[in-house]
Amino acid sequence: MGSQLKIGGFALSIPAIEAGLAGYSDMAMRVTARRRGCPYAVTEALLDRVVITGGRGREKGLILSDDDHPVAGQLLGSEAHEMATAAKILKDYDFDVVDLNFACPVKKVMGRCRGGYLLSDPHQAIAIMQAVRDEVEGPLTLKLRRGVDDSAHAAEQFEQIFDEAQRLEFSAIAVHGRTVEQKYTGKADWDFLRRLKTRKPNMTILGSGDVFCAADALRMYESTGVDGVWIARGAIGNPWIFSEFQALLDGQSLPAPPSIAAQRAALLEHFQMAVIIYGEELASRQMRKMGIKYSRLHPDGAAVWRDFIAVKSQVEWDRVLATYYASDGPGRAQTSIADAADMYNSCTSSGVAA
Ligand SMILES: Cc1cc2nc3c(=O)[nH]c(=O)nc-3n(C[C@H](O)[C@H](O)[C@H](O)COP(=O)(O)O)c2cc1C
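Under this note's numbering, the letters of the sequence shown match residues 443 to 796, in that order.
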């Protein structure tokens with residue numbers, strides 16, 4: 443089945459994109475996924491002030507490579523003129539699309555009137571969208587949750603922001619089917635996504651929430667009618683989720699999980715690109731948390747997980763690879779793990795999105 447999904451004029455080979463994920467979705471993770479079928483990716487949320495003035499994490503967050511397109515740079519902020527200035531800088535840095543985050547539920551972000559807070563302040567959210575639209579000629583997208591909470595008032599606020607984005611010709615809106623108040627508890631409301639797409643057939647909607655494996659992606663795509671699936675936690679440590687989704691869309695059965703040799707190749711590639719971003723010393727720490735996620739596909743996952751957790755240097759990283767990934771063999775399939783809240787906790791450790 444061919445994909446109909448287009449974002450800002452970019453036709454995507456499959457109706458899936460790699461999510462913005464604070465602390466994870468850097469150039470290394472994005473390119474590792476692209477080489478395995480991911481057609482489009484979003485950066486982690488970049489604080490507008492950091493983009494404007496420089497500061498911790500700025501350059502790392504802005505690093506792209508030639509094969510990292512189309513890519514959306516995602517912004518987090520509270521002031522319209524700052525968001526507009528930062529959006530312009532992202533375009534100058536060769537980002538194809540600018541994405542605005544009105545979804546992040548992290549307390550520190552909310553407390554500074556950024557992210558999910560803006561869902562409760564349509565006036566300010568709309569001022570930001572308008573200012574960015576005035577400043578940037580290229581495609582814009584938006585990341586929302588389904589509301590601040592479950593109240594009727596929150597539903598109206600969501601609607602106001604959504605409709606204004608449509609009026610301002612935003613190219614797509616990603617909607618996480620949880621409320622801001624829910625953070626990562628409970629289940630994402632896929633029926634909300636289905637009803638939203640039915641009510642707003644002319645807007646390109648990307649559905650988000652509880653997509654942990656390719657079968658989840660297909661289920662969301664088919665049962666809700668969204669134009670594309672926003673693959674978040676399911677892509678961390680599993681760049682094969684995109685080609686697996688492609689196979690399912692084509693009516694094939696799920697391919698065998700990546701072999702240990704295939705996992706080793708991805709880990710090595712991922713590591714090499716992490717070194718370009720962070721330098722050797724920091725790369726092994728960054729890759730420790732990636733390795734932990736990759737370990738779920740290894741038949742000896744618990745032991746690999748334990749050894750990746752202890753990694754503090756490249757020598758130790760190499761040792762884990764030599765111990766567990768030197769000889770080939772079948773991998774283990776990733777199935778739907780609905781309770782992955784532990785991964786969320788690491789979100790707050792990212793300096794960039796804080
Ligand atoms: C560790 C972590 C970091 C996240 N960082 C971002 C972010 O920077 N930008 C964003 O739009 N969403 C972010 N999210 C939300 C995800 O993109 C996604 O919407 C959410 O996890 C629901 O999808 P899932 O249940 O399939 O993971 C983050 C989620 C997690 C778990």
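Virtual Cβ for every residue (Gly too), placed ideally from N, Cα, C.
Model, not experiment: these values are computed from the prediction.
Range of the contiguous alpha helix (DSSP H) that encloses residue i
i      : result
HIS565 : 564-577
GLN516 : Per DSSP, GLN516 belongs to no alpha helix (DSSP H); it is in the beta strand (DSSP E), 513-518.
GLU606 : 594-609
VAL473 : 469-476
PHE687 : 683-691
PHE634 : 632-641
SER701 : Per DSSP, SER701 belongs to no alpha helix (DSSP H) and is neither H nor E.
ALA659 : 656-666
ILE531 : 522-534
ARG500 : 500-504
VAL551 : 549-553
CB-CB length for residue i against residue j, believed under 8 Å
i      : j      : result
LEU542 : VAL574 : 7 Å
GLY679 : ASP658 : Actually they do not touch by this definition, with Cβ atoms about 15 Å apart.
LEU635 : VAL668 : 5 Å
ALA703 : PHE713 : 16 Å between Cβ atoms; not a contact.
PHE684 : GLY479 : 4 Å
ALA674 : ILE449 : At roughly 17 Å, the Cβ-Cβ gap does not stay under 8 Å, so ALA674 and ILE449 are not in contact.
Under 8 Å between C-beta atoms of residue i and residue j
i      : j      : result
LYS639 : THR666 : yes
GLY619 : LEU648 : no
GLY743 : ARG706 : no
THR527 : ILE494 : yes
MET662 : VAL653 : yes
SER695 : ASP770 : no
ALA487 : LEU447 : no
VAL753 : GLY733 : yes
GLY557 : CYS546 : yes
LYS585 : GLY451 : no
VAL540 : ALA522 : no
SER737 : TRP747 : yes
GLN516 : THR485 : yes
TYR466 : PRO512 : no
PRO741 : ALA708 : no
GLN602 : VAL590 : no
ALA630 : TRP672 : no
Limits of the unbroken beta strand (DSSP E) element including residue i
i      : result
HIS618 : 614-618
ALA744 : Where ALA744 is concerned, there is no enclosing beta strand (DSSP E), although the alpha helix (DSSP H) it sits in stretches over 743-751.
Buried or exposed by the 16-neighbour rule on C-beta atoms within 10 Å, applied to residue i
i      : result
ASP468 : buried
SER562 : buried
ASP534 : exposed
PRO811 : Residue 811 lies beyond the range of the chain shown here (443 to 796); nothing can be said about it.
ASP576 : exposed
ARG588 : buried
GLY503 : buried
ASN787 : Interpretation of ASN787 is limited by its pLDDT of 34, a score under 50 that renders its predicted location unreliable; no figure is taken from the coordinates.
PRO643 : exposed
ALA698 : exposed
ALA795 : Here ALA795 scores only 31 on pLDDT, less than 50, and its place in the model should not be relied on; the value that follows carries that caveat. With 16 or more Cβ atoms within 10 Å of its Cβ, ALA795 is classed as buried.
ASP510 : buried
ASP633 : exposed
ILE751 : exposed
ARG476 : buried
LYS549 : exposed
GLY721 : exposed
GLN776 : buried
Those residues which DSSP pairs with residue i across a bridge
i      : result
PRO671 : The displayed chain sequence assigns Val, not Pro, to residue 671. ALA458, GLY649.
ARG587 : HIS618
LYS448 : ALA453
LEU434 : No answer is possible for residue 434: it lies beyond the span of the chain, which begins at 443 and ends at 796.
ASP541 : GLN516, THR583
ALA768 : DSSP lists no partner for ALA768.
ALA707 : In DSSP, ALA707 forms no bridge with anything.
TYR483 : The residue asked about is misnamed: residue 483 is Ala in this sequence, not Tyr. Partner(s): GLU460, VAL513.
CB contact below 8 Å: residue i versus chain B
i      : result
TRP632 : Absence of chain B from the displayed structure is noted, only one protein chain being present.
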